[in-house]
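A.B. asks: Chains as they are written, first to last, in the numbering used here: chain A, 1 to 248; chain B, 1001 to 1397.
Built from N, CA and C at the ideal position, the CB exists for glycine as well.
Being a predicted model, the structure only gives us computed values, none of them experimental.
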Amino acid sequence: MINVENINFYYGKFHALQNISMGMEANTITALIGPSGCGKSTFLRLFNRMNDLIPDTTLTGTVSIGGVDIYQKNVLVDDLRKRVGMVFQKPNPFPKSIFENVAYGMRVNGMNNKKIIAEKVEQALKHAALWDEVKDKLKKSAFAISGGQQQRLCIARALAVEPDILLMDEPASALDPISTSKIEELMFQLKEDYTIVIVTHNMQQAARVSDHTAYFYMGELIEYGETKKIFTNPDKKSTQNYVTGRFG
Amino acid sequence: MKKLRKLYERLTEGTLFLCGNITGIAILLIVLFLFREGIGFFGRNSVEEGYVLALNRKNPVNKLSSREIKDIFDAEITNWEEVDGLDREIVLFRLNDITNYVTEEELGEEFEHIPECIAKIIHDHPDMIAFFPKAYLTENFSEKVLQVERIGLLEFFGGDEWMPTATPSAQFGILSLIMGTLWVSFGAILIALPLGIGVAIYLAEVANKRFRNFLKPVIELLAGIPSVVYGFFGLVVLVPFVQKTFNLPIGETGLSGSIILAIMALPTIITIAEDAMRTTPLAMKEASLALGATRWQTVYKVVLPYSSSGIMAAAILGIGRAIGETMAVLMVTGNAAIIPHSLLEPLRTIPATIAAELGEAPKHSTHYQALFLLGVILFIITLIINISVEFVKRKRV
Ligand SMILES: Nc1ncnc2c1ncn2[C@@H]1O[C@H](COP(=O)(O)OP(=O)(O)OP(=O)(O)O)[C@@H](O)[C@H]1O
Ligand SMILES: [Mg+2]
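1. CA-CA distance, B/L1278 and A/F47?
2. Check A/G34 in the structure and name its three-state DSSP category.
3. Run through the segment 168–213 of chain A for me and flag every whole beta strand (DSSP E) of 3 or more residues, listed as ranges in chain order.
4. Under 7 Å from any heavy atom of ligand 2, by CB: list those residues in chain order, please.
5. Work out the CA separation of B/T1268 and B/G1196 for me, nearest whole Å.
6. Could you say which of A/A207, A/I54, A/V243, A/N8 lies nearest to B/E1286 if we only look at CA atoms?
7. Bridge partners for A/L59 per DSSP, in chain order?
8. Is B/S1365 helix, strand or coil by DSSP?
9. Starting from the C-beta of B/T1382, find all residues in its chain whose C-beta is less than 8 Å away, skip the five residues before and the five after it, and write them out in chain order.
10. Which partner residues of B/K1144 appear in the DSSP bridge assignment?
11. Kindly list, in the order they appear in chain B, the residues whose Cβ is closer than 9 Å to that of A/F14.
12. Residues of the segment 155–176 of chain A in Cβ contact with chain B at a cutoff of 8 Å, in chain order, please.
13. Under a CB-based cut-off of 8 Å, is A/V197 close to chain B?
14. Since A/Q149 is in the alpha helix (DSSP H), which residue starts that stretch and which ends it?
15. Scan the segment 98–117 of chain A for residues whose Cβ lies nearer than 7 Å to a Cβ of chain B and list them as they occur along the chain.
16. Opposite B/V1094 in the DSSP bridges: which residues?
17. If you measure between the beta carbons of B/E1143 and B/H1123, is that distance less than 8 Å?
18. Classify A/I20 as buried or exposed, calling it buried when 16 or more other Cβ atoms lie within 10 Å of its own Cβ.
19. Mind checking whether B/L1261 and B/V1184 have CB atoms under 8 Å apart?
20. Among residues of its own chain, excluding the 5 on either side of A/L44, which ones have a beta-carbon nearer than 7 Å to its beta-carbon?
21. Compute every distance between the C-beta of A/A265 and the non-hydrogen atoms of ligand 1, then say whether any falls below 7 Å.
22. Taking only three categories from DSSP, how would you classify A/T244?
23. Going by CA-CA distance only, name the one from A/H127, A/G148, A/E122, A/A128 that's closest to A/K139.
24. Would you say A/I54 touches ligand 1, meaning its beta carbon is less than 7 Å from a heavy atom?
25. Taking only three categories from DSSP, how would you classify B/D1160?
26. Taking only the alpha-carbon atoms, compute the straight-line gap between A/R157 and A/E192 and give it to the nearest angstrom.
27. Classify A/I2 as helix, strand or coil using the three-state DSSP reduction.
28. Compute every distance between the C-beta of A/S238 and the non-hydrogen atoms of ligand 1, then say whether any falls below 7 Å.
29. Which term fits B/V1303, buried or exposed, when burial requires 16 or more other beta carbons within 10 angstroms of its beta carbon?
30. Using the beta-carbon count (16 or more within 10 Å), is B/N1056 buried or exposed?
31. Suppose the cutoff is 8 Å on Cβ atoms and the five residues either side in sequence are ignored; what does the same chain contact list for B/E1149 look like?
32. In chain A, which residues lie with their C-beta within 8 Å of the C-beta of B/A1352?
33. Can you tell me whether B/H1364 is buried or exposed? The criterion is at least 16 other CB atoms within 10 Å of its CB, across all chains shown.
34. Quick check: is the beta carbon of B/A1283 nearer than 8 Å to any beta carbon in chain A?
35. For the segment 1288–1316 of chain B, list every residue whose C-beta sits within 8 Å of some C-beta in chain A, in sequence order.
36. Please go through the same chain and pick out, in chain order, the residues whose beta-carbon is closer than 6 Å to the beta-carbon of A/F231, but skip the five residues on each side of it.
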């Protein structure tokens, strides 16, 4: 589904990602782990070309999704982003109603049919396991619900565009344990329809939810493999140290 | 040592306290002064000080408004019937008409008999209205001194004639000035708002950092140019341009004023609107882009709504700048105190009127007080504007 070959990424002169190659299969969850500043977010943001927004950056190598090089000239960035949704670390709903937050993606894509929008909003909210909690206050501001609910709203918002891939950058790091477990449960269900890449600092979370895990260190991909193997019997010593919390 | 520092701190504190209070009191005093001078205007009459209007004793008319007096002397009212008198022609008398009625000998060598002559003339002409200096009123004047109605609110705000130095009766209708101010300001904001917001969007969302860092200070510099310079530019460049483009008899029009004001309001609007747009959290913009919205969609669906109160504040402050501006407008609008029907006519604003006339108005005259009242009105307008800015800003939390 996603294929990365020999990529290098620079912020100005700073070499943030070094010679990384890896592939991710459809309908799996891949966890990206590693110490702070090692380049996980940078790597994740390559897939929806979010790094394009940052001036003075360079990328070499190819990133392809579904066999198409997404950095080719004739790829439309906004079309790409419709297929590759993203959930951010902090819940970032728009200052609009709950309904309008979820409908936003459809509206910017030119969808005007009220009935279809309403149906899809409901569907997305159900998919994100939020429907029962907000169905009576769809017109209320998105800021009027809890942080955990807001994050699920952001997931629903991403799902409403019907992407193939969902990128999640520490989606639960700002949430309490109950909200976190709700989101983890959600990911299991979403896996059936989506390919998910998640950045996380929480080892248990990575072990619980992911099929594959990639360990990054200082801009390099140290080890990548089945989650079970990475957490029980990694090839590299530094991976072992990190996943067992003995990392200095 | 410790004591010294404490003393020093006390002293600083005291000085700051004093400064704050002195400033506050000074502002209060200015406002008070403005109001005191201005409010005195009502209750005065509009006939030039030191002059009187007199009628024949048998004339049933006792009181006229300043507007009626003006119309009578302009020969727009020619029959007493029109002002609730008898059905007779009005005869006008001004001091220099006196030789039409009496000979020079009768006036006396030193003109010492003028008062008696005037009294006699009025006595002999039952339909006469006479306008002459109070000094020539005889002590035992047996005819009637005309009462003049005091200037009321309606006459002041609703009157369309501003002729503060007309004799025998000045006209203080400010409708044309208010309309002039509104027209020019409205025109200015119509030009400046779309342009200013456009530039603000460009600076906040499109321009690269280097270009922005160059352009923003340049725009802010525009705000520092003295308004006379703008006026000069307007007079030399803009006025001929407007005249030619619209094929007008004169180029000093409301439009010229609006354009100059728009240019002057632009830095305010751009700076404030851009600052507001830049407060839009990156997370919000990224969320929009990540959902497949284009950059432009993100601007008008996220950035503009998010910064709408700031943009409103920018617009209102821009209007404030336009309404209070004096010099440049004075130079390019033609200063005709008539109610404008389009922006292509000369007009006159409240601040321009004050600036142009205060120097000529005798202290404490009715004219002088009328100008202060205009100042009060301007003050109230700007106060309302500032309050609405605060209101708009506070609405968002
Ligand atoms: N916009 C930027 N400009 C310059 N350098 C950046 C920028 N964003 C990130 N970096 C640098 O790139 C490196 C990788 O950053 P990145 O955000 O990808 O790390 P991360 O693994 O996601 O860290 P964290 O776990 O703290 O989120 C860091 O050293 C960071 O300082
Ligand atoms: Mg990160």
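C.D. replies: With the structure as the only source:
1. Within the second sequence, residue 1278 of chain B is the residue found at index 278, counting from 1. Within the first sequence, residue 47 of chain A is the residue found at index 47, counting from 1. Looking at the sequence itself, residue 1278 of chain B is Arg, so the reference to Leu does not match. Taking the straight line from one Cα to the other gives about 27 Å.
2. As a first step, residue 34 of chain A is located in the first sequence; it is residue number 34 there, counting from the start. Of the three classes helix, strand and coil, the one that applies to A/G34 here is coil, per DSSP.
3. Qualifying beta strand (DSSP E) stretches, in chain order: 195–199.
4. Around ligand 2, the residues selected by a Cβ distance under 7 Å to any of its heavy atoms are A/K40, A/S41, A/Q89, A/D169, A/E170, A/V199, following chain order.
5. Translated into the one-based positions of the second sequence, residue 1196 of chain B becomes position 196. Translated into the one-based positions of the second sequence, residue 1268 of chain B becomes position 268. Looking at the two C-alpha atoms, the distance is approximately 9 Å.
6. Residue mapping note: residue 1286 of chain B aligns to position 286 of the second sequence, counting from 1. Per the Cα distances, A/I54.
7. As a first step, residue 59 of chain A is located in the first sequence; it is residue number 59 there, counting from the start. A/L59 is bridged to A/F9.
8. Position 365 of the second sequence, counting from 1, holds the residue named residue 1365 of chain B. Coil at B/S1365, not helix or strand.
9. For the purposes of this step, residue 1382 of chain B is taken as the residue at position 382 of the second sequence. If we look at B/T1382 and ignore the five residues flanking it on each side, its Cβ neighbours are G1320, I1323, G1324.
10. Taking the first residue of the second sequence as position 1, residue 1144 of chain B is located at position 144. B/L1055, per the DSSP bridge assignment.
11. Counted from its first residue, the first sequence places residue 14 of chain A at position 14. Going along chain B, no residue has its Cβ under 9 Å from A/F14, so there is no contact; the nearest lies around 18 Å.
12. Residues R157, A158, V161.
13. Along the first sequence, read from residue 1 onward, the residue named residue 197 of chain A stands at position 197. No, no contact with chain B.
14. On the first sequence, residue 149 of chain A is found 149 positions in, with the first residue counted as 1. A/Q149 -> alpha helix (DSSP H) spans 147–159.
15. Answer set for the segment 98–117 of chain A: Y104, G105, V108, N109.
16. Residue numbering aside, residue 1094 of chain B sits at position 94 when the second sequence is read from its first letter. First, the residue type needs correcting, since residue 1094 of chain B is Arg and not Val in the sequence shown. Note: B/R1094 sits in a beta bridge opposite B/F1131.
17. For this step, residue 1143 of chain B is matched to residue 143 along the second sequence. For this step, residue 1123 of chain B is matched to residue 123 along the second sequence. Inclusion of B/E1143 and B/H1123 in the CB contact set at 8 Å is warranted, their separation being smaller than that value.
18. Residue 20 of chain A sits at position 20 when you count from the first residue of the first sequence. Under this definition A/I20 is a buried residue.
19. Stepping through the second sequence from its first residue, residue 1261 of chain B is reached at position 261. Stepping through the second sequence from its first residue, residue 1184 of chain B is reached at position 184. Here B/L1261 is near B/V1184, since their CB atoms are less than 8 Å apart.
20. As a position in the first sequence, residue 44 of chain A is number 44, starting the count at 1. For A/L44, the CB contacts under 7 Å within the same chain, skipping 5 residues up- and downstream, are L32, L167, D169, V197, V199 in chain order.
21. Because chain A here runs from 1 to 248, residue 265 of chain A falls outside it and cannot be looked at.
22. Position 244 of the first sequence, counting from 1, holds the residue named residue 244 of chain A. Looking at A/T244 - three-state DSSP - the assignment turns out to be coil, as it is neither helix nor strand.
23. Against the first sequence, residue 139 of chain A aligns to sequence position 139. Closest in alpha carbon position to A/K139, among A/H127, A/G148, A/E122, A/A128, is A/E122.
24. The residue you call residue 54 of chain A lines up with position 54 of the first sequence. At least one heavy atom of ligand 1 is found less than 7 Å from the C-beta of A/I54.
25. Taking the first residue of the second sequence as 1, we reach residue 1160 of chain B at position 160. In the structure shown, B/D1160 sits in coil (DSSP, three-state: anything other than H, G, I, E or B).
26. On the first sequence, residue 157 of chain A is found 157 positions in, with the first residue counted as 1. On the first sequence, residue 192 of chain A is found 192 positions in, with the first residue counted as 1. As the crow flies, the alpha-carbon of A/R157 is around 18 Å from that of A/E192.
27. Numbered from its first residue, the first sequence carries residue 2 of chain A at position 2. The answer is strand: DSSP assigns A/I2 an E or B state.
28. Position 238 of the first sequence, counting from 1, holds the residue named residue 238 of chain A. No, Cβ of A/S238 sits at least 7 Å from all heavy atoms of ligand 1.
29. Position 303 of the second sequence, counted from the start, is the residue given in the question as residue 1303 of chain B. A residue is called buried when at least 16 other Cβ atoms come within 10 angstroms of its Cβ; B/V1303 meets this threshold and is buried.
30. Indexing the second sequence from 1 puts residue 1056 of chain B at position 56. Around the beta carbon of B/N1056, 16 or more other beta carbons sit within 10 angstroms, so the residue counts as buried.
31. Taking the first residue of the second sequence as 1, we reach residue 1149 of chain B at position 149. Contacts found: N1045, K1063, L1064, S1065, S1066.
32. As a first step, residue 1352 of chain B must be located in the second sequence, where it is residue number 352. For B/A1352, there are no C-beta contacts with chain A under 8 Å, since the nearest C-beta of that chain is about 43 Å from it.
33. For the purposes of this step, residue 1364 of chain B is taken as residue 364 along the second sequence, with counting starting at 1. That one is exposed.
34. Your numbering for residue 1283 of chain B matches position 283 in the second sequence. B/A1283 counts as touching chain A.
35. Within the segment 1288–1316 of chain B, the residues whose Cβ lies closer than 8 Å to some Cβ of chain A are S1288, L1289, A1290, L1291, G1292, A1293, T1294, Q1297, K1301, V1302, P1305, Y1306, listed in chain order.
36. Numbered from its first residue, the first sequence carries residue 231 of chain A at position 231. Excluding residues within five positions, the ones whose Cβ falls inside 6 Å are A207, V243.
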